[in-house]
Amino acid sequence: MPRNRILLSSPHMGGNEKKYIKEAFKTNWIAPVGNNVNEFERQVRDFTGTKAACAVSSGTGAIHLALDLLGVGKDDIVFCSSLTFVASANPILYLGGRPVFIDSERDTWNMSPEILEQALEFYKMHEKLPKAVIVVNLYGQSAKMDRIVEICNRYAVSVIEDAAESLGAVYQGKMSGTFGRFGVYSFNGNKIITTSGGGMIISDEEMMIRKALEKATQSKEAAAHYQHETVGYNYRLSNICAGIGRGQMEVIEDRIRQKRAIYEQYVYGLGDVDGIEFMPEAEGSFHTRWLTAMTIDPDRLGVTAGEVVEYLNENDIEARPVWKPLHLQPLFIGYDYFCEGQDQSRYLFENGICLPSDTKMTVEEISRVIRLIRKRIRVDKVIA
Ligand SMILES: *Cc1c(COP(=O)(O)O)cnc(C)c1O
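Each number in the working numbering comes from the position in the sequence shown (counting from 1) with 820 added on.
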């Protein structure tokens, strides 16, 4: 890797991670049980205000568990946001289910409640309501969960909140991840906090999280010989990784502040450019700005988002397009997609850029990113 490459979002230790890992070593609690796992779960419960949490080895695993607990099986329909990372929908396929993708709206970039309702109405008419709706909270911002939950309740469909990217975001006074029947967090290396790899499934239904824990540990019935009545997985988080998580939870507020400050600097340096639009912070929403994302209008600026991303990468700066919508991915060809008028998730993919949002970046490094963007789009007045 070239020296001084500026990264999109990379692990940033708080300081106490090693202490908790050492504790695990000293006491020989190296297995996926122990004090670090318990404490890490407690911290996430306290931080989000949820009743129950189960730490697992990945966010993908947590979504898989949630779908399994809701009884998703062969040929069952599951709705999912289209504008997301593939991990949101892969677990539907693990269970033999059929994903149906829902378009985003422009003011949150997340699932449109209106289009969700139309899709539910369509499937109700065909007497095949989904078993679950997976709502993704993109780049650090909640979807309009109040409306989405209200609509899903009317159709008696359970909501799984994929909050892998939005730990710490708030919507109408409530933590992102706590609106659905299940919430899912990821602690992959690129997320706002990391355990090197890990995830968590949360819920206010304590019985359901007890079941999630059983499923995550091979569904053993109470018997010395290990009796098994339902399918299980090996998904528990290791006590070592949970030690990293404990240290990270101590600095999550700092990380959110830093992410938001990075965003503010980008707005200061690029906000005057006609044709650049930052991902909005919707009304009633507290956006963590896990990643600063923006769109570029190629008609006004004479340059495409792809060209800007390429130019930054040539200059050792990691920038990326916005997620390629799942309804455009070859993996999901043939599954239904609901949108209305302009395909918003396609628009955001074709014109969107995720800027480096690494909390270890210096102010000077962010200024360099801004200067290069201004140079590429040929806006001469540099105010960064
Ligand atoms: C990262 C991510 C996941 C998957 O989490 P892992 O811990 O990497 O398995 C799921 N959904 C979204 C939206 C993500 O960004």
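For every residue, glycine included, the Cβ atom is placed at its ideal position computed from N, Cα and C.
Only a predicted model underlies this, so the values are computations on that prediction, with no experimental measurement involved.
Inset, instruction - Verify the contact flag: LYS1011, CB atom, against every heavy atom of ligand 1, threshold strictly below 7 Å. - result: In the sequence shown, residue 1011 corresponds to position 191, counting from 1. A heavy atom of ligand 1 is found nearer than 7 Å to the CB of LYS1011.
Inset, instruction - Work out the CA separation of MET1027 and GLU1041 for me, nearest whole Å. - result: For the purposes of this step, residue 1041 is taken as residue 221 along the sequence shown, with counting starting at 1. For the purposes of this step, residue 1027 is taken as residue 207 along the sequence shown, with counting starting at 1. So the two alpha carbons sit approximately 16 Å from each other.
Legend entry - DSSP three-state assignment for PHE867, whether helix, strand or coil: Numbered from its first residue, the sequence shown carries residue 867 at position 47. Under the three-state reduction of DSSP output, PHE867 falls in the helix class.
Inset, instruction - Use the C-beta contact count for ASP982: other C-beta atoms within 10 angstroms, 16 or more gives buried, fewer gives exposed. - result: Counting from one through the sequence shown, the residue named residue 982 turns up at place 162. Buried: at least 16 other Cβ atoms inside 10 Å.
Legend entry - Proximity to GLY1000 [Cα-Cα], best of ILE1022, GLY1009, GLY993: Position 180 of the sequence shown, counting from 1, holds the residue named residue 1000. Nearest C-alpha to GLY1000: ILE1022.
Inset, instruction - Measure the alpha-carbon distance for ARG1196 versus TYR1131 and round it to whole angstroms. - result: Looking up residue 1196 in the sequence shown gives position 376. Looking up residue 1131 in the sequence shown gives position 311. Cα to Cα, the separation comes out at about 7 Å.
Inset, instruction - Output the distance between the C-alpha atoms of ILE935 and PHE1158, rounded to the nearest integer angstrom. - result: Here residue 935 refers to the residue found at position 115 of the sequence shown. Here residue 1158 refers to the residue found at position 338 of the sequence shown. Cα-Cα distance, rounded: 7 Å.
Inset, instruction - Classify VAL1093 as helix, strand or coil using the three-state DSSP reduction. - result: Against the sequence shown, residue 1093 aligns to sequence position 273. Under the three-state reduction of DSSP output, VAL1093 falls in the coil class, being neither helix nor strand.
Legend entry - Residues that DSSP places opposite THR1112 in a beta bridge: In the sequence shown, counting from the first residue as 1, residue 1112 sits at position 292. Answer is LEU1175, bridged to THR1112.
Legend entry - Closest by C-alpha distance to LYS842, when choosing among VAL898, LEU1168, ARG1066, ASN930: Position 22 of the sequence shown, counted from the start, is the residue given in the question as residue 842. Closest option to LYS842, Cα to Cα, is ARG1066.
Inset, instruction - For MET1020, name the three-state secondary structure that DSSP assigns. - result: Taking the first residue of the sequence shown as position 1, residue 1020 is located at position 200. Strand at MET1020.
Inset, instruction - Taking 8 Å as the cut-off, decide whether the C-beta atoms of GLY1213 and ALA1113 are in contact. - result: Any question about residue 1213 goes unanswered here, given that the chain covers just 821 to 1204.
Inset, instruction - Could you say if the region 978–996 and the region 878–890 meet the contact criterion of at least three C-beta pairs nearer than 8 Å? - result: yes
Legend entry - Beta-ladder partner(s) of GLY1003, from DSSP: What you label residue 1003 is simply residue 183 of the sequence shown in a count that begins at 1. When DSSP reads this structure, GLY1003 sits in a beta bridge with GLU981, ILE1022.
Inset, instruction - Entirely within the region 1032–1100 and at least 4 residues each: give me those alpha helix (DSSP H) ranges in chain order. - result: If we require 4 residues or more, the alpha helix (DSSP H) runs fully inside the region 1032–1100 come out as 1059–1069, 1072–1090.
Inset, instruction - With DSSP as the reference, label TYR1157 as helix, strand or coil. - result: In the sequence shown, counting from the first residue as 1, residue 1157 sits at position 337. DSSP places TYR1157 in strand when its eight states are reduced to three.
Legend entry - CB of VAL920 within 8 Å of CB of ASP1156, strictly: For this step, residue 920 is matched to residue 100 along the sequence shown. For this step, residue 1156 is matched to residue 336 along the sequence shown. A contact, by the Cβ cut-off of 8 Å.
Legend entry - Residue environment, HIS1107, which counts as buried when at least 16 other CB atoms sit within 10 Å: Stepping through the sequence shown from its first residue, residue 1107 is reached at position 287. When all chains shown are included, HIS1107 counts as buried.
Inset, instruction - Return yes when at least one heavy atom of ligand 1 lies under 7 Å from the C-beta of VAL956, else no. - result: Along the sequence shown, read from residue 1 onward, the residue named residue 956 stands at position 136. For ligand 1, at least one heavy atom lies less than 7 Å from the Cβ of VAL956.
Inset, instruction - Ignore the nearest five residues each way along the sequence and tell me which others in THR1179's own chain have a CB closer than 7 Å to its CB. - result: Translated into positions along the sequence shown, residue 1179 becomes position 359. Counting only Cβ-Cβ distances below 7 Å, and skipping sequence neighbours, we find HIS832, ARG1075, GLN1078, LYS1079.
Legend entry - Collapsed DSSP secondary structure at ILE912 in the structure displayed: Translated into positions along the sequence shown, residue 912 becomes position 92. Helix.
Inset, instruction - Rank GLY1018, SER932, LEU828, LYS894 by C-alpha distance to the C-alpha of ALA875 and give the top, closest one. - result: One-based indexing of the sequence shown puts residue 875 at position 55. Answer by Cα proximity: GLY1018.
Legend entry - SER924 (DSSP reduced to helix, strand or coil): The residue given as residue 924 occupies position 104 in the sequence shown. SER924: strand per DSSP, three-state reduction.
Inset, instruction - Tell me whether the beta-carbon of TYR1055 lies closer than 8 Å to the beta-carbon of ILE1190. - result: Position 235 of the sequence shown, counted from the start, is the residue given in the question as residue 1055. Position 370 of the sequence shown, counted from the start, is the residue given in the question as residue 1190. Result no, Cβ atoms of TYR1055 and ILE1190 do not sit closer than 8 Å.
Legend entry - Own chain partners of VAL853 with C-beta closer than 7 Å, once the 5 adjacent residues on each side are dropped: Within the sequence shown, numbered from 1, the residue matching residue 853 stands at position 33. ASN1059, listed in sequence order.
Inset, instruction - Answer yes or no: do ILE912 and LEU887 have a C-beta to C-beta separation smaller than 8 Å? - result: Counting from 1 along the sequence shown, the entry for residue 912 is found at position 92. Counting from 1 along the sequence shown, the entry for residue 887 is found at position 67. Closer than 8 Å, so yes.
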